[in-house]
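Residue numbers (this note's numbering), protein chains in the order written: chain D, 1 to 257; chain Y, 1001 to 1084. The structure appears below as structure tokens.
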């Protein structure tokens, strides 16, 4: 069965989006991402170290010809900083899709919702394909969708926490009203978390720490690929309803007397 | 401009002149009249892998050659790094 994932202007086979942070080195980054099957990878925009210019560049390991590069605005605490970061990222020539995050607090890394809305308005107007990281708030999701964001990306739990899907009910409400893809961004800890997100009907999952900080990142990348695939297939297949009491699987007729 | 880099009598100095600019938050002395393409070359940075912002305005790759730097300029040179 053909089940493609449309995000922005492109179609993807994989519904797993992965980050490129926290790996031991660029080789491990490349290998884990290869195994994850992801076709979209997030990157951060940072100052070049001019006193010791590192000759190797992340993009030497992750070719923009092979992957959709999704720059983020991690570390931005104001709408202006986020917009500025996106403009710089676009100038790098890897497209105009951005992961918008305006952080509100460095302990929780929860988003500053009003600032995110403000930045999203500017970016959409400037022609960016905006994928905003938000709390699992259906009202905010609705507003960002109305502004013209190409997806909404509610967190499952705080960034890097690995707590999993803390509020499946909010995700369900967000999904019910969404006319754009809903991508769970942040909080996934293990493969079953990714599967649960997909079983709920989410269109994709974005993660970084769960893979990069696993004891064996390459093996976890594979587990996440399978988790996302399993969850997606289960969602499409349609799970059975939950019942309190048993229903026999074997026929009740013809039982030996 | 450093006092000792002033031309002795308004003419040209064989030593060239220097000017101070800020690159990524650090003060640097560079040759007067250097353009952005030349600076990137001096810093051994590949133009295709970095983005340059001069006094808060992005300088596209096409205009790096024609954009000369001047005393007090504030430059940001960024690239992509691993992130989530």
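Ideal placement from N, C-alpha and C gives every residue a C-beta, glycine not left out.
Does residue i come out as helix, strand or coil in the three-state DSSP assignment?
i: residue 80(D); result: helix
i: residue 137(D); result: coil
i: residue 1006(Y); result: The predicted position of residue 1006(Y) is uncertain, since its pLDDT is 47 and thus under 50; a value taken from the coordinates is nonetheless stated next. If DSSP states are grouped into helix, strand and coil, residue 1006(Y) belongs with coil.
i: residue 5(D); result: strand
i: residue 15(D); result: coil
i: residue 1026(Y); result: strand
i: residue 96(D); result: coil
i: residue 10(D); result: strand
i: residue 1062(Y); result: helix
i: residue 243(D); result: coil
i: residue 143(D); result: helix
i: residue 185(D); result: strand
i: residue 170(D); result: helix
i: residue 32(D); result: helix
Do we get a CB-CB distance below 8 Å when we pair residue i with the residues of chain D?
i: residue 1060(Y); result: yes
i: residue 1083(Y); result: yes
i: residue 1080(Y); result: yes
Name, please, each residue of chain Y whose Cβ falls closer than 9 Å to the Cβ of residue i.
i: residue 50(D); result: 1023, 1024, 1026, 1028, 1043, 1045 and 1077
i: residue 68(D); result: By Cβ distance, chain Y contributes nothing, its closest Cβ being about 13 Å from residue 68(D), past 9 Å.
i: residue 71(D); result: 1080 and 1083
For residue i and chain Y, any beta-carbon pair shorter than 8 Å?
i: residue 187(D); result: no
i: residue 57(D); result: yes
i: residue 102(D); result: no
i: residue 19(D); result: yes
i: residue 209(D); result: yes
i: residue 44(D); result: yes
i: residue 217(D); result: no
i: residue 29(D); result: yes
Taking residue i as the reference, which of the options has the closest Cα?
i: residue 1130(Y); options: 1084(Y), 1081(Y) and 1077(Y); result: An answer regarding residue 1130(Y) cannot be provided, because it is not within the stretch 1001 to 1084 covered by chain Y.
i: residue 77(D); options: 51(D), 93(D), 107(D) and 130(D); result: 107(D)
i: residue 200(D); options: 18(D), 189(D), 231(D) and 129(D); result: 231(D)
i: residue 266(D); options: 126(D), 68(D) and 119(D); result: Here chain D comprises residues numbered 1 to 257, so residue 266(D) is not present and cannot be evaluated.
i: residue 140(D); options: 170(D), 59(D), 29(D) and 95(D); result: 170(D)
i: residue 212(D); options: 24(D), 10(D) and 16(D); result: 24(D)
i: residue 207(D); options: 178(D), 161(D), 240(D) and 95(D); result: 161(D)
i: residue 102(D); options: 122(D), 81(D) and 92(D); result: 81(D)
i: residue 124(D); options: 136(D), 147(D) and 134(D); result: 147(D)
i: residue 37(D); options: 17(D), 186(D), 22(D) and 45(D); result: 17(D)
i: residue 32(D); options: 255(D), 209(D) and 192(D); result: 209(D)
i: residue 1057(Y); options: 1075(Y), 1027(Y) and 1034(Y); result: 1075(Y)
i: residue 45(D); options: 221(D), 74(D) and 52(D); result: 74(D)
Give the residues of chain D in contact with residue i, contact being defined as C-beta atoms less than 7 Å apart.
i: residue 1050(Y); result: 48
Which bits of chain D does residue i rub up against, with CB to CB less than 9 Å?
i: residue 1053(Y); result: 84, 87, 88 and 91
I'd like the list of long-range same chain contacts for residue i, defined as Cβ closer than 6 Å, with 5 residues on each side in sequence excluded.
i: residue 184(D); result: 156, 197, 202 and 205
i: residue 194(D); result: 188, 205, 224, 227 and 228
i: residue 42(D); result: 19, 70, 72 and 99
i: residue 8(D); result: 97, 129 and 150
i: residue 122(D); result: 83
i: residue 14(D); result: 37, 38 and 39
List, in order along the chain, the chain Y residues whose C-beta lies closer than 8 Å to that of residue i?
i: residue 283(D); result: Nothing about residue 283(D) can be read from this structure; chain D reaches only from 1 to 257.
Along chain Y, in chain order, which residues have C-beta atoms closer than 7 Å to that of residue i?
i: residue 23(D); result: 1082
Just to confirm my understanding: we take residue i, look at its own chain, exclude 5 residues before and 5 after, and list those with CB closer than 8 Å. What are they?
i: residue 128(D); result: 86, 90, 96, 97 and 98
i: residue 143(D); result: 117
i: residue 61(D); result: 26, 27, 29 and 30
Go through its chain and collect everything with a Cβ distance to residue i's Cβ below 7 Å, but skip five positions before and after it.
i: residue 10(D); result: 68
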